[in-house]
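Residue numbers (this note's numbering): 569 to 956.
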């Protein structure tokens with residue numbers, strides 16, 4: 569067990585998540601001579617899986633009751649199922665459509681030579697929660713519906729949906745950790761040029777600075793590819809999770825303890841997933857800001873060496889400008905992704921809950937009013953009969 573944990577790191581987790589997404593029919597690739605390339609065979613397999621999932625979604629939606637004749641909470645649950653299916657289709661087909669860009673990004677990350685990044689406790693807890701929750705509900709559905717032959721089929725597709733968007737979030741978090749480590753590794757190489765004991769010649773400095781600037785420009789292209797591949801997924805998950813968290817609060821208010829216990833087991837990995845998405849950019853932003861600070865200090869140090877270092881100072885200013893131009897992860901240009909989004913998500917979720925509670929209270933009060941009116945009419949009729 570100890571050797572297993574020692575072999576686990578961010579890079580190995582990254583490769584395992586890619587293999588799992590290929591199995592789920594989201595990422596059609598194959599390894600040729602150690603390089604990830606698009607595979608037409610796996611593309612056909614992925615399209616077939618997505619068509620089967622679409623048929624399953626249509627079949628499941630056809631069993632939903634009419635929203636106009638069911639009560640308020642059953643209608644919310646039906647809308648939640650519809651939202652889950654829409655989210656699954658958007659994520660799956662968007663990844664298939666962006667597979668060329670995604671594979672280019674994967675090849676760039678695999679070429680990097682960085683020290684091993686161990687898995688932190690949050691990543692391990694997210695892996696555990698992502699693994700336990702789908703299997704729990706899969707076997708629970710089988711035990712509760714032993715007589716239904718379609719239960720195993722439906723439970724398997726339900727677990728597939730959950731695994732898909734949970735592993736996409738895990739993939740984004742792992743990619744950003746490896747990417748941030750690449751940036752810090754480059755910054756360490758840049759800082760080593762200012763160590764007096766190494767005695768770099770001016771020509772060596774200019775060559776080193778030119779190489780580092782090219783690497784940072786490559787980082788900019790990589791960041792744009794990451795944003796292009798994951799922006800739709802992140803927007804869909806964050807919008808969906810606000811609705812889902814609101815549903816959890818309504819369950820805690822109105823529903824009995826057993827559904828709340830089941831919901832808690834399901835929402836723990838969901839909450840970890842939301843935090844993983846929102847916190848995925850923190851290390852990247854810190855690395856970029858650290859780079860700007862280091863280069864600014866290096867410019868001052870090299871400038872003090874004398875007027876013969878003018879060319880090196882201009883190269884450092886170019887590196888400083890490229891680091892400041894490193895793109896931030898924005899959702900369609902509307903807002904920047906980060907921990908601060910958690911506050912806005914909470915306020916939107918609270919708004920949903922207040923509207924839902926008022927609607928439910930209004931419905932119940934209207935029902936009570938109609939019952940009171942019917943009782944009054946019945947008493948009036950009885951009085952008239954007794955008088956006659």
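Backbone N, C-alpha and C define an ideal beta-carbon position, used for all residues, glycine too.
These numbers come from a predicted model, not from an experiment.
With three or more CB-CB distances shorter than 8 angstroms, the segment 889 to 905 counts as touching the segment 785 to 802.
The beta carbon of residue 670 is closer than 6 angstroms to those of 797 in its chain, skipping five residues each way along the sequence.
Taking 8 angstroms as the cut-off, the Cβ atoms of residue 682 and residue 577 do not count as close. Contact annotation: residue 855 and residue 748 have beta-carbon atoms nearer than 8 angstroms. For residue 683, the three-state secondary structure derived from DSSP is coil.
Short of 8 angstroms from the beta carbon of residue 890, and not among the five residues preceding or following it, lie these beta carbons of its own chain, in chain order: 781, 784, 785, 788. Judged by beta-carbon spacing, residue 597 lies beyond the 8 angstroms limit of residue 613, meaning their Cβ atoms are not closer than that value. By the Cβ-count criterion, residue 629 is exposed, with fewer than 16 other Cβ atoms from all chains shown falling within 10 Å of its own Cβ. Taking every protein chain shown into account, the CB of residue 863 has 16 or more other CB atoms within 10 angstroms, so this residue is buried. Within the DSSP bridge table, the entry for residue 597 names 606 as partners. A residue is called buried once 16 or more other Cβ atoms fall within 10 Å of its Cβ, and residue 585 is buried on that count. In this structure, the beta-carbon distance from residue 837 to residue 651 does not fall below 8 angstroms. In the structure shown, residue 903 falls within a strand segment according to DSSP collapsed to helix, strand and coil. The Cβ neighbour count for residue 703, taken over all protein chains shown within 10 Å, is under 16; the residue is labelled exposed.
Residue 815 and residue 644 have their C-alpha atoms roughly 8 angstroms apart.
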